[in-house]
Amino acid sequence: MQEEMREEFSRERRVRRSYSTSEIERERKYVVSGRHASEFLHSLSGAPQLSNRKGSVAKGCSGAPQLSNELQREAIVQSYFPKQYGEFLIPLAIELRLLHPKFRRLQVTQARLRHLTKNTEESYFLTVKGRLPDLLPTERIELPLALSEETYRALLPQATAGTITKDRYVAQVNGPEDALSLEIDIPHSRFVSDGEVEDLRTLDLAFLEVELATRTLDDVMRAGLHEIDLLRRAIDISKDNPDHAHFRKPLSWSRLARKGLRDPKLQRILPELTRKVLSQ
Numbered sequence: 032m033q034e035e036m037r038e039e040f041s042r043e044r045r046v047r048r049s050y051s052t053s054e055i056e057r058e059r060k061y062v063v064s065g066r067h068a069s070e071f072l073h074s075l076s077g078a079p080q081l082s083n084r085k086g087s088v089a090k091g092c093s094g095a096p097q098l099s100n101e102l103q104r105e106a107i108v109q110s111y112f113p114k115q116y117g118e119f120l121i122p123l124a125i126e127l128r129l130l131h132p133k134f135r136r137l138q139v140t141q142a143r144l145r146h147l148t149k150n151t152e153e154s155y156f157l158t159v160k161g162r163l164p165d166l167l168p169t170e171r172i173e174l175p176l177a178l179s180e181e182t183y184r185a186l187l188p189q190a191t192a193g194t195i196t197k198d199r200y201v202a203q204v205n206g207p208e209d210a211l212s213l214e215i216d217i218p219h220s221r222f223v224s225d226g227e228v229e230d231l232r233t234l235d236l237a238f239l240e241v242e243l244a245t246r247t248l249d250d251v252m253r254a255g256l257h258e259i260d261l262l263r264r265a266i267d268i269s270k271d272n273p274d275h276a277h278f279r280k281p282l283s284w285s286r287l288a289r290k291g292l293r294d295p296k297l298q299r300i301l302p303e304l305t306r307k308v309l310s311q
């Protein structure tokens, strides 16, 4: 056991030396019923927190981080490029000195455009995501490039792998060191190139992402050592959870954007998924 702990510690040090915190996206993913999410959003009172019970994985965290009662709302329009676009964007960005050459070996998993509206401010991004051998299943590299609205509009016709819109509610953690945030995504619509629009609200699901600053917090969340009521009603579909692996891919945002509600894989899992989320 001690040898395994030393090896993991050494592995994390190598990752920290190689990549900055802003480049590594570390998150756990959950799905919950739309009703439970709506109830949570309307009744945020008290401060849910990570457990800090004696002997728990959370022992050693600096205090018990508490989820803020204040929610930030963001409106998101997300448009996806075909996968091969991301594969040529990386060497191009390296050649233009926008990215470090260390990302040449990135295994690209996603390339997308995002139009984000927060309060009255609008911003635009091109983001490439991918994996590297040193990262855990719940970790990946995220490389966002800020765009002008003009550049965003020029690139948008090339994002032909579907567009989705969603509302995001973000609750930050009040804690001295081990920060996390809870993102609650409510799907709204799907647009495809021929003008078709699908109402994703009929899924009656909400998608949760817990963004984690450290691997220690990943261990805490994976073990369920928290007091966040909404997560207790949710199903963990993170990449390191084999029990719900069959839910993960049909519920990914990129697949929903590309295939929509008529996706055969989505239709196959929906009856079981609905029973599970409603029974939580």
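Per our numbering, the sequence shown starts with residue 32, numbered consecutively.
Virtual Cβ for every residue (Gly too), placed ideally from N, Cα, C.
This one's a predicted model, so the numbers in the text were calculated from it and none came from an experiment.
Whole-angstrom distance between residue j and residue i, CA atom to CA atom
{"i": "Glu313", "j": "His146", "result": "Nothing can be reported for residue 313: it is not among the residues displayed for the chain, which extend from 32 to 311."}
{"i": "Met252", "j": "Leu262", "result": "9 Å"}
{"i": "Phe71", "j": "Pro188", "result": "37 Å"}
{"i": "Leu211", "j": "Ala244", "result": "6 Å"}
{"i": "Leu297", "j": "Ile195", "result": "16 Å"}
{"i": "Gln311", "j": "His67", "result": "9 Å"}
{"i": "Tyr116", "j": "Asp198", "result": "26 Å"}
{"i": "Lys149", "j": "Glu105", "result": "5 Å"}
{"i": "Gly226", "j": "Pro295", "result": "21 Å"}
{"i": "Thr191", "j": "Arg143", "result": "10 Å"}
{"i": "Leu129", "j": "Leu236", "result": "37 Å"}
{"i": "Gly206", "j": "Leu157", "result": "With a pLDDT of only 47 at Gly206, under 50, the local geometry of the prediction cannot be trusted, and the value read off the model is given with reservation. Their Cα atoms are separated by approximately 30 Å."}
{"i": "Pro302", "j": "Lys270", "result": "21 Å"}
{"i": "His73", "j": "Leu102", "result": "11 Å"}
{"i": "Pro273", "j": "Leu127", "result": "40 Å"}
{"i": "Arg299", "j": "Val201", "result": "31 Å"}
{"i": "Val228", "j": "Pro218", "result": "13 Å"}
{"i": "Arg264", "j": "Tyr155", "result": "33 Å"}
{"i": "Asn240", "j": "Ile266", "result": "Per the sequence presented here, residue 240 reads as Glu, with Asn not at that position. Whole-angstrom Cα-Cα distance: 11 Å."}
Limits of the unbroken alpha helix (DSSP H) element including residue i
{"i": "Gly117", "result": "Lys114 to Glu126"}
{"i": "Asp331", "result": "Examination of residue 331 is not possible in this model, given that the chain is present from 32 through 311 alone."}
{"i": "Phe238", "result": "Premise fails: Phe238 lies in the beta strand (DSSP E), Leu236 to Leu243, not in any alpha helix (DSSP H)."}
{"i": "Leu287", "result": "Trp284 to Lys290"}
{"i": "Arg279", "result": "Ala276 to Arg279"}
{"i": "Asp249", "result": "Arg246 to Arg253"}
Option nearest residue i by Cα separation, candidates the options
{"i": "Pro168", "options": "Glu105, Glu303 and Ile268", "result": "Ile268"}
{"i": "Lys133", "options": "Thr158, Ile172, Arg232 and Thr148", "result": "Ile172"}
{"i": "Phe222", "options": "Trp284, Glu118 and Ile121", "result": "Trp284"}
{"i": "Val108", "options": "Arg293, Ile55, Asp249 and Arg184", "result": "Arg184"}
{"i": "Arg306", "options": "Tyr200, Gly65 and Arg199", "result": "Gly65"}
{"i": "Asp260", "options": "Val63, His131, Ile55 and Arg104", "result": "Val63"}
{"i": "Pro281", "options": "Leu304, Glu56, Ala265 and Ser74", "result": "Leu304"}
{"i": "Leu163", "options": "Ile55, Ser220 and Ala124", "result": "Ile55"}
{"i": "Phe278", "options": "Val228, Val308 and Val241", "result": "Val308"}
Span of the beta strand (DSSP E) around residue i
{"i": "Ser154", "result": "Glu152 to Arg162"}
{"i": "Ser220", "result": "Leu211 to Phe222"}
{"i": "Arg171", "result": "Glu170 to Leu178"}
Reduced DSSP category for residue i - H, G, I as helix; E, B as strand; rest coil
{"i": "Leu297", "result": "helix"}
{"i": "His146", "result": "strand"}
{"i": "Ala95", "result": "Only weak support is given to the placement of Ala95: the predicted model assigns it a pLDDT of 48, under 50, and the question is left unresolved by the model."}
{"i": "His131", "result": "coil"}
{"i": "Ser64", "result": "strand"}
{"i": "Leu81", "result": "Its pLDDT being 43, under 50, Leu81 is placed unreliably by the model, and the measurement read from it follows with that caveat. Correct three-state label for Leu81: strand."}
{"i": "Gln138", "result": "strand"}
{"i": "Ile55", "result": "strand"}
{"i": "Lys270", "result": "coil"}
{"i": "Asp225", "result": "coil"}
{"i": "Leu110", "result": "A small correction: the amino acid at residue 110 is Ser; Leu does not occupy that position in the sequence shown. Ser110 falls in the strand class under three-state DSSP."}
{"i": "Gln103", "result": "strand"}
{"i": "Gln203", "result": "strand"}
{"i": "Thr233", "result": "helix"}
{"i": "Thr196", "result": "strand"}
Cβ-based burial, residue i [other Cβ within 10 Å; buried from 16]
{"i": "Phe112", "result": "buried"}
{"i": "Gly193", "result": "buried"}
{"i": "Ser179", "result": "exposed"}
{"i": "Arg293", "result": "exposed"}
{"i": "Glu58", "result": "buried"}
{"i": "Asp216", "result": "buried"}
{"i": "Asp230", "result": "exposed"}
{"i": "Thr52", "result": "Note that Thr52 has pLDDT 47, beneath the 50 cutoff, so the model's placement of it is unreliable and the number below is only indicative. Thr52 should be labelled exposed."}
{"i": "Pro122", "result": "exposed"}
{"i": "Phe238", "result": "buried"}
{"i": "Lys114", "result": "exposed"}
{"i": "Asp165", "result": "exposed"}
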